[in-house]
Amino acid sequence: MTTPAPATLEREKEKLYVTDAELIRRMGVPEKQARIILRELATKHPAFPKPQALFGGRRYYPAVRAYFDKMNGLKSTG
């Protein structure tokens, strides 16, 4: 995966629905490892947010973030 230009990365910060490639960049984990992690989460963790067909197979990022926050012991603010 190539790294997008800084301006592109800045625009991506505001997106609500993200592709797996965008999610991987936000995760900060090497791509090969992140793809394994996403596969594991999708198949063995039913609470992990699913891609939404209506939004082109993208995941709702605030839900993904909330899932990771909860997984890492952070309390919900909402």
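Start counting the sequence shown at 300; every next residue gets the next number (this note's numbering).
Glycine included, C-beta positions come from ideal geometry on N, C-alpha and C.
Being a predicted model, the structure only gives us computed values, none of them experimental.
Residue i classed as buried or exposed, judged by whether at least 16 other C-beta atoms fall within 10 angstroms
i           : result
residue 336 : exposed
residue 321 : buried
residue 333 : buried
Span separating the alpha-carbon of residue i from that of residue j
i           : j           : result
residue 302 : residue 350 : 23 Å
residue 330 : residue 372 : 24 Å
Contacts around residue i, its chain only, beta-carbon distance under 8 Å, and the 5 residues preceding and following it disregarded
i           : result
residue 317 : 311, 325, 357, 358, 360, 363
Sequence-distant residues of the same chain with beta carbon closer than 7 Å to residue i, five excluded per side
i           : result
residue 348 : 358, 359, 362, 363, 366
Spatial neighbours of residue i in its chain, beta-carbon cut-off 6 Å, leaving aside the 5 residues before and after
i           : result
residue 340 : 347
Entirely enclosed beta strand (DSSP E) segments - the stretch 312 to 362, minimum 3 residues: Within the stretch 312 to 362, no complete beta strand (DSSP E) run reaches 3 residues.
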